[in-house]
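Q: According to UniProt numbering, the sequence shown holds residues 1 to 107 in order.
The beta carbon of each residue, even a glycine, is placed where N, CA and C say it ideally should be.
The model shown is predicted, which means the values in this text are computed figures rather than measured ones.
I'd like to ask you about the structure that follows.
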Amino acid sequence: MLIHKDASEITTYDCSFCSYRAKRKSQLTKHNMLNHKDASEITTYAAKQKIYLTSHMLIHKDASEITTYYCSFCSYKAKRKKRFNRTYANSYEYFLGNDLSMHSLSL
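Okay, here's the thing in structure tokens:
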């Protein structure tokens, strides 16, 4: 409990945008999300691989900033070109016998 600690033992979390101080990290995170969202994109997300962080950062973008890749052969779409090519083009190679002339990528 915080009541039984000396003042020197209590860790405070300082806001880097204003003079707000929190006793818990979660309180500072909530404060930043409510008060400073426009100042900086603040996230506590940690990823072991860069690909996961890249995927996570898509949620911080506006819909107009995200490029969507559409297949002109069917209704498939993807937010990343690499995923589109790797996942979906490989499926077409299997079904069309390596003839991808009917398959093309459009933006």
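Which residues in the same chain as Thr12 place their Cβ atom closer than 6 Å to its Cβ, once the five residues preceding and following it in sequence are excluded?
A: Arg21
Q: Classify Asn32: buried if its beta carbon has 16 or more other beta carbons within 10 angstroms, exposed otherwise.
A: buried
Q: Anyone know if the C-beta pair for Lys77 and Tyr70 falls short of 7 Å?
A: yes
Q: Report the partner residues of Lys77 according to the DSSP bridge assignment.
A: Tyr70
Q: Express the C-alpha separation of Lys23 and Lys79 in angstroms, rounding to a whole number.
A: The alpha-carbon atoms of Lys79 and Lys23 are separated by roughly 39 Å.
Q: Taking just the CA atoms, how far does Gln27 sit from Asp14?
A: Taking the straight line joining both Cα atoms gives about 10 Å.
Q: Specify the secondary structure class of Cys18 as computed by DSSP and reduced to three states.
A: coil
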